[in-house]
Structure formats: structure tokens, C-alpha cells
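Each residue of the sequence shown is one higher than the last, beginning at 109 in my numbering. Single-structure report; data block below.
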Amino acid sequence: MTEEQEAEPAEQADDVAEDVDEDADGLQNGDFVELEYTAYTSDGDQLVDTTDPDVAEEEGVDDQGQEFKPRTIVLGEGHIFEDVEEAITGSEAGDEGTVTVAAEDAFGEYDADNVQTVSAEKIDEDDRYPGANIQIDGEQGYISTIIGGRARVDFNHPLAGEDVEYEYEILGEVDDREQKAAGLFEMFLGMEPDLWIETDEVEEEVPVEPDEDDDEDAEPEFETELVEKETLYLEATPQMTMNQQWMMGKQQIAQQIMEKVDVDRVIVQEVIDGMGGMGMGGMMGGMGGMGGEDIEEALEDADVDADEIVEELEGADE
109 MTEEQEAEPA EQADDVAEDV DEDADGLQNG DFVELEYTAY TSDGDQLVDT
159 TDPDVAEEEG VDDQGQEFKP RTIVLGEGHI FEDVEEAITG SEAGDEGTVT
209 VAAEDAFGEY DADNVQTVSA EKIDEDDRYP GANIQIDGEQ GYISTIIGGR
259 ARVDFNHPLA GEDVEYEYEI LGEVDDREQK AAGLFEMFLG MEPDLWIETD
309 EVEEEVPVEP DEDDDEDAEP EFETELVEKE TLYLEATPQM TMNQQWMMGK
359 QQIAQQIMEK VDVDRVIVQE VIDGMGGMGM GGMMGGMGGM GGEDIEEALE
409 DADVDADEIV EELEGADE
């Protein structure tokens, strides 16, 4: 084989590498992306999701406690339908488009076997009406019809069998770590808590490297060192504390955020507001928050001899 022939595969490999680099331009898996989008069923009859407050108001869903604004997702993490992710991958900030997601890739094909007849006794009396969302034997469904003591319950997703059309615009790539964390919390919990990132010095026990002459079976030794920790601080509001997603999965949510935002730990701070200087009701007539001098003044105002009280208490001890 000549040198020219040997060089050809190497040149071809370089060409492939260049093609790969070119294909990798634009947004890629792992990138944080801020999006605006609106999705309807393909027949246009039903709103699926939107970030647009005007659309939400027009469709009458703006009063459901949800904030409608651009959302942050991580490409490749399944935060939006795969077909939409594929359309966004390789794009740039400012790009927009429309993607139709087939029913099987959206909420699944409609399966008639997922419709069952059950006894109405299994359903709470307040939910015995067509359209009610219910849970039976751990499965979520809705009542399609109810007659007498029997109910037809559809366990298909309400949008099963529907193709979904997404219109989206890429507002930009998110680089700021605090904004990344806020976007993830918004996606997981439907709310953005107050948060910030700091670098802290923390005492940590680290193993001491044993000497060559040390006994191999000896207990490992540790010493305390100051190490730097990237810490995401999070203010826990009552709204967040009572959030069901947070209550059920705070460990998993925090772990994902640590990995995606590249911090070492998450510290959740609970803030309890003061009572405006008021004492604690129900304890000593509301004097539980008073200092010693205040208590003496209160006893004088009540015409009580403090010395007499002390003498009585000492006599009781004897």
C-alpha cells in the first residue's frame, strides 16, 4: 500500500470528524434553553399547554394558580416531547418553528381496553358524576358515564389518541446557574422559590493517608479540613413546604439540581416571621416573651408581692 493510499482513510476520518463538529453546532443535549410555546391538539379544539398569558386568558385557564411565562428546559432530559427536542437541537436563539407530535408519541393511542365498568360504591359520593377525575386501585381515570350503581371509567389519558401541534420560539440559552436552578424548580414544582448560590468553607472529615509502616488492619484515621462547598440556598415558603411534589420527592429533585447546576449541596432555609413584639399568648397571660424586669413591673401592677411568692415556693420545697 502506498503512502497516498494509507493517507486516504486518515483524511476520510478527518472529514467525518469535521462533519460531526459541524453537526454539533447550535443547541445540544444538556443545554439549558428558555422557550416560549403553545400546544393545541391538531384539530385546534383543545389547549394542551402554553407559556403565553394571553392564550391562557383567552382559553380561560389563567385562574388556575399557574404562572404563564417562558420556561427553561434541559435538552435531552425529556422535559418536553422528544419530537420537539429534536426540532430544537441544532437551532439557535431566535429560531422558531412548528412541530406535530403524533398521538403515540404524545399521550398515547386510545385503548378501548382501558375503559372499565366499576361499582359506583368504589367512588366517593362527591365524585359520582360524568367527567370527574377519580382514582381506583391506584389508577387515575375519569368517569365517562354513570347509571345507577355502575360507572364507566376511562383510564386513558384525556388526550389519548390526539396528535399535538407545538408552536415554539427559542428565546435563548441559559448560562446563569441561579437562573438554571430557578427554571428547574419551576418545571418540577410549578413555582420558583427565592434562591442564591454561595461558596462556603465547611469543616469536613477526610481520611489520613497511612504510612507504609502502619498496620494494614488498623482502623482508618481521619482529620478535619476546611473545604470549599458550592451551596445552593433555598428559601422554603409555606407554599413550597406544602407542595406535594416537593414533599414526595425533595431528595430526588435536589439531587437532579445539584448535578445539572454543578453545586455540592442544597440548603433549605425556613423563615419564620416575627410577631411584631407581641408576647406568646396562653403563657402567663401573654407574658412569655417578657424579660425579668418586665415581669417584676407586671407583678407590681397586679399588686402581687414577689417576695411572698418566693417564700411560698421555698416553703413548698421544704
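From the three backbone atoms N, C-alpha and C, an ideal C-beta is built for every residue, glycine too. Nothing here was measured: the structure is a model prediction, and the numbers come from that model.
- Residue 368 sits in a helix when the DSSP states are folded into three classes.
- Contact between residue 254 and residue 238 holds, since their C-beta atoms are separated by about 6 Å, short of 8 Å.
- Cβ neighbours of residue 315 within its own chain (closer than 6 Å, five residues either side excluded): 328, 330.
- At a Cβ-Cβ threshold of 7 Å, residue 340 and residue 310 do not count as neighbours.
- Pairing residue 182 with residue 195 gives a Cβ-Cβ distance that is not under 7 Å.
- Cβ atoms of residue 214 and residue 169 stay farther apart than 8 Å, at about 19 Å.
- With a contact defined as Cβ atoms closer than 8 Å, residue 300 and residue 294 qualify at about 5 Å.
- Of all alpha-carbon atoms in 251, 220, 192, the one lying nearest the alpha-carbon of residue 144 is that of 192.
- DSSP places residue 163 inside the alpha helix (DSSP H), whose first and last residues are 161–166.
- For residue 346, no beta strand (DSSP E) segment is defined; the enclosing uninterrupted segment is the alpha helix (DSSP H) at 346–349.
- Ranked by how close their Cα comes to the Cα of residue 185, the residues 225, 243, 376, 367 have 367 in first place.
- Of the candidates 249, 231, 226, 226 places its Cα closest to the Cα of residue 258.
- For residue 248, DSSP records a beta bridge to 243.
- When DSSP states are grouped into helix, strand and coil, residue 285 belongs to the helix group.
- Contact between residue 337 and residue 308 holds, with the beta-carbon distance rounding to 5 Å and staying under 8 Å.
- Here residue 157 carries a strand assignment [DSSP, helix/strand/coil].
- Beta-carbon to beta-carbon, residue 252 and residue 223 are separated by about 7 Å, close enough to satisfy the 8 Å threshold.
- In the structure shown, residue 300 falls within a coil segment according to DSSP collapsed to helix, strand and coil.
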